[in-house]
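Counting in my numbering, the final residue of the sequence shown is number 176, and the numbers go up one at a time with none missing.
Reading through the structure tokens given below for one structure.
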Amino acid sequence: MSNLDTVWGAIKGLGITIRHVFKEPRVTVQYPEERKPHSPRHRGVHEQRLTPDGRQLCVGCSLCAAACPADCIYVEAGEEEVDSGRYLSPERFSRVYKINYSRCIFCGYCVEACPTYALGMTEIMDEYTFDNRWTAIFDMDMLVANYKRRLRAEGIEVPETLEPAPAGEAS
């Protein structure tokens, strides 16, 4: 290797260094105070969607639980029309719906398997911390709250929880 090759290699290296000096600087994001926007394909915590009049869309078919590779979804179906005081439900509904986030791998298979599009994923992810394993289990109310929170953030009117008819009155 001649001296000319050595000098030429040093000049090329200095050229790269000088180019990086005059580039637009990259700024470190101060994470808790500043947050970078999520990708549109980001998969955060789940949401249970409602109809515009506040009825639950989930029919308790358990296809989401069957599709889940981590086995973190538990669904118990109900067969009759029930007004639970929380939501008006169709003839078939999910009486119990739970997702265990200590097991969830956020793959999205459950969302793809849902035939009624009742289950979705939000962009919320980093706001949840779990002190113990019991706080990592989300029930239907928590999933509906995620849905309502997303709607409010988008500026959409949120369907309020429907109140049950007073006893003795026909609905």
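Backbone N, C-alpha and C define an ideal beta-carbon position, used for all residues, glycine too.
Just so we're clear, the structure is a prediction, and the values are computed from it rather than from any experiment.
By the C-beta criterion, the region 145-160 is judged to be in contact with the region 118-129, since at least 3 inter-stretch pairs fall below 8 angstroms. With respect to M145, Y114 sits apart: the two C-beta atoms are not nearer than 7 angstroms.
Around the beta carbon of G65, 16 or more other beta carbons sit within 10 angstroms, so the residue counts as buried. Leaving aside the five residues that flank E117 on each side, the residues in its chain whose CB is nearer than 8 angstroms to its CB run, in chain order, A72. Only exposed fits C112, as fewer than 16 other CB atoms lie within 10 angstroms of its CB. Taking the CA atoms as reference points, K41 sits about 8 angstroms from V34. Contact check for I110 and A70: beta-carbon distance about 14 angstroms, past the 8 angstroms limit, so the pair fails to qualify. Cβ neighbours of R108 within its own chain (closer than 8 angstroms, five residues either side excluded): A75, D76 and C77. For G83, the enclosing beta strand (DSSP E) covers residues I78 to G83. For D136, there is no enclosing beta strand (DSSP E), as DSSP gives it neither H nor E. DSSP, reduced to helix, strand and coil, places H25 within a helical segment of the structure shown. Here E52 is not near L156, since their CB atoms are 7 angstroms or more apart.
The beta carbons of E81 and S99 sit about 7 angstroms from each other, so the pair counts as a contact at 8 angstroms. Taking the CA atoms as reference points, D136 sits about 28 angstroms from R46. DSSP places V101 inside the beta strand (DSSP E), whose first and last residues are F98 to N105. When the Cα atoms are used, A141 and Y79 turn out to be separated by approximately 14 angstroms. Put simply, the backbone Cα of C63 is about 36 angstroms away from that of E39.
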